[in-house]
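Each protein sequence line maps, in turn, to chains A and B.
If you use our numbering, the first sequence corresponds to residues 26 to 146, in order.
If you use our numbering, the second sequence corresponds to residues 40 to 145, in order.
Every residue gets a Cβ at the ideal spot worked out from N, C-alpha and C, and that includes glycine.
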Amino acid sequence: QVQLVQSGAEVKKPGSSVKVSCKASLDTLRRFSISWLRQAPGQGLEWVGRINPNNGGTNYGQNFQGRVTMTRDTSINTAYMELSGLTSDDTAVYYCARVISTSSSRHADFWGQGTLVTVSS
Amino acid sequence: IQMTQSPSSLSASVGDRVTMTCRASQSVSSYLNWYQQKTGKAPKLLIYGASSLQSGVPSRFSGSGSGRDFTLTISNLQPEDFATYYCQQTYGAPFTFGHGTHLDIK
């Protein structure tokens with residue numbers, strides 16, 4: 026059974042950084058992309074970016090370029106998302122998700138439980 | 040790529056058949072997914088590749104469409120189906136979502 030277990034809730038000051046982890050079961054990180062997404066309180070879903078399985082290459086959403094860094098440590102099956110320059114607009118639940126890619130689809134079939142990041146002075 | 044969902048909210052009764060739509064600002068081929076989300080929970084994949092039913096999802100859920108226009112249909116609504124539904128395109132990064140359709144009990 027695939028599992029993605031995320032790190033716990035964080036409270037951060039404006040201007041600081043946060044690093045969220047996502048521990049995957051089995052060989053997930055070597056075989057699948059991991060996407061990161063977020064959801065601000067009462068709002069919809071927003072794609073933050075992804076880290077690919079082959080060489081750890083990344084793609085980031087335009088809203089996050091220059092502020093987000095996604096990495097992974099395959100030896101411990103853990104992916105990381107670090108977001109810097111935090112503002113109150115970054116207050117959200119952050120999710121990691123496993124992405125399946127085929128010739129005609131790309132979809133997130135397993136999700137972590139979510140990590141609440143609160144940015145407050 | 041902008042994704043527009045309609046309606047933004049929908050009221051229906053148990054046993055009803057409901058349809059919601061998602062339109063992309065440009066063609067996304069069949070790279071269109073539908074997710075269900077309940078309050079305080081992570082989204083759950085229902086449909087991928089526009090029309091493929093995710094394993095374990097009841098057959099009352101179905102998806103159709105290609106290019107720019109897509110539809111999610113739920114037949115014989117069950118109490119557990121009242122939730123918010125999101126479409127997402129994964130044709131071109133950033134993989135954008137619609138704003139959601141909130142389905143509640145009439």
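- For TYR87 (chain B) and ASP120 (chain B), the gap between their C-alpha atoms comes out near 18 Å.
- Taking 8 Å as the upper bound on Cβ-Cβ separation, chain B lies near no residue of the segment 91 to 103 of chain A.
- Apart from the 5 residues on each side of it in sequence, SER42 (chain A) sits with its Cβ closer than 8 Å to the Cβ of GLU107, LEU108, SER109, GLY110 and LEU111 in its chain, given in chain order.
- Taking 8 Å as the cut-off, the beta carbon of LEU142 (chain B) is found no closer than this to the beta carbon of ASP134 (chain A).
- Here VAL124 (chain A) is buried. Its C-beta has 16 or more other C-beta atoms within 10 Å.
- Closer than 8 Å to the CB of THR129 (chain B) there is at least one CB belonging to chain A.
- For ALA81 (chain B), the nearest beta carbon of chain A is closer than 8 Å to its own beta carbon.
- Of all residues in the segment 118 to 135 of chain A, those with a C-beta nearer than 9 Å to a C-beta of chain B are VAL118, TYR120, ALA122, VAL124, ILE125, SER126, THR127, SER129, SER130, ARG131, HIS132, ALA133, ASP134 and PHE135, reading in chain order.
- Distance from the Cα of GLN65 (chain B) is smallest, within the candidate group B:VAL53, B:ARG99 and B:GLY131, for B:GLY131.
- Counting only runs of 4+ residues, no alpha helix (DSSP H) is found wholly inside the segment 80 to 139 of chain A.
- Rounded to the nearest whole angstrom, the C-alpha separation of SER60 (chain A) and LYS145 (chain B) is 36 Å.
- If only complete runs of 3 or more residues are kept, the segment 42 to 108 of chain B shows the beta strand (DSSP E) at 42 to 45, 48 to 51, 57 to 63, 71 to 76, 83 to 87 and 100 to 105, in order along the chain.
- Inclusion of TYR124 (chain B) and MET42 (chain B) in the CB contact set at 8 Å is not warranted, their separation being larger than that value.
- The beta carbons of SER58 (chain A) and ASN77 (chain A) sit about 5 Å from each other, so the pair counts as a contact at 8 Å.
- PHE134 (chain B) reaches chain A at TRP72, counting residues in chain order whose Cβ is nearer than 7 Å.
- The beta carbon of GLY69 (chain A) sits closer than 8 Å to some beta carbon of chain B.
- DSSP places LEU51 (chain A) outside both helix and strand once states are collapsed to three, so it counts as coil.
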